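Quick note on the working numbering: the sequence shown kicks off at 19 and runs consecutively.
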Amino acid sequence: MRLTLIIGAALSTALAFPAQAQIAKGDVLVRARAILVAPNESSGPVTPGFPGSKLGVDNSYAPEVDFTYMLTNHIGTELILATTKHDVAGRGTIAALDKVASTWVLPPTLTLQYHFAPKGHVRPYLGAGINYTIFYNAKASDSLVKAIGPTKVHLKDSVGYALQAGIDVDVSKRVFVNLDVKYIDIDSTARLTTGAALNQSRVHIDPIVAGIGLGIRL
19 MRLTLIIGAA LSTALAFPAQ AQIAKGDVLV RARAILVAPN ESSGPVTPGF
69 PGSKLGVDNS YAPEVDFTYM LTNHIGTELI LATTKHDVAG RGTIAALDKV
119 ASTWVLPPTL TLQYHFAPKG HVRPYLGAGI NYTIFYNAKA SDSLVKAIGP
169 TKVHLKDSVG YALQAGIDVD VSKRVFVNLD VKYIDIDSTA RLTTGAALNQ
219 SRVHIDPIVA GIGLGIRL
């Protein structure tokens, strides 16, 4: 209900503005969003030590900042910056362990966008680009350490594509509300090293990133 009221108020304000160019070549747009990162994960077994096992990745919430530079009136390039923490859960034959690890994820993403109505006060856009995901501060959970002993966790960095759709709705001549949804292709290999034993699993994370926030045209 609150989100509906915000969008309704923004649309009403936008319709009251006189027609004039809202974004143009050379403009810089800065947005701050609250985002939900919802993985669509799948994984192979953790081999060779845990046949029949799988890994899952939980949802996370975080702030996000992005910067768009308008190359033309319609085309912009956007850099998206955020970092989130995720728990890695055991599935299948290791489901009893519940959480097996945690990791921080830094997925800087660069997209090329097409803005359909640069002169409008309601401006939808589509984007596509590239993502480089860095995994850091990965740690084994207490339950995993208790089950198999002290374990080092490492997740391999990922390079993939990103798809994006969003809309900007003016609330003043420079400030706007933003809604944005992205799909990010993230694949990694999780390695668990316990003494001389190495177990690993291929993990497809592929999250949907949905955000709402405010932006300003500089």
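We put the beta carbon where it would ideally sit given N, CA and C, even for glycine. Predicted model, so just to flag it, every value in this text is computed and none were measured.
Gly229 counts as buried, since at least 16 other C-beta atoms from the protein chains shown sit within 10 angstroms of its C-beta. At a Cβ-Cβ threshold of 8 Å, Asp224 and Asp203 count as neighbours. A buried status is given to Ser206, since no fewer than 16 other beta-carbon atoms sit within 10 Å of its beta-carbon. Leu144 sits in a strand when the DSSP states are folded into three classes. Using a Cβ-Cβ distance cut-off of 8 Å, the region 210-227 and the region 70-78 are in contact, since at least three pairs of beta carbons, one from each stretch, lie closer than that value.
Membership of Val123 in the beta strand (DSSP E) is indicated by the continuous run 117-124.
Following the DSSP letters along the chain, one finds Lys72 inside the beta strand (DSSP E) bounded by residues 71-75. Under the 10 Å beta carbon count, Leu210 is surrounded by 16 or more other beta carbons and is classified as buried. Taken through DSSP and simplified to helix, strand or coil, Asp198 comes out as strand.
The three-state secondary structure of Lys170, taken from DSSP, is strand. For the 8 Å CB-CB criterion, Ile53 and Tyr79 form a contact.
When DSSP reads this structure, Asp205 sits in a beta bridge with His222.
With contacts defined by Cβ atoms closer than 8 Å, Ser120 and Lys157 form a contacting pair. Comparing alpha-carbon positions, the option among Thr86, Ala42, Gln40 lying closest to Arg49 turns out to be Thr86. Pairing Ser159 with Lys117 gives a Cβ-Cβ distance under 8 Å.
At a Cβ-Cβ threshold of 8 Å, Arg141 and Asp186 count as neighbours. Taking every protein chain shown into account, the CB of Phe68 has 16 or more other CB atoms within 10 angstroms, so this residue is buried. Its chain contains Val75, Ile223, Pro225 as the residues whose beta carbon lies nearer than 6 Å to that of Pro57, once the 5 sequence neighbours on both sides are disregarded; these appear in chain order. Measuring C-alpha to C-alpha distances from Gly231 to each of Tyr201, Gly213, Ala208, Asn196 identifies Asn196 as the nearest.
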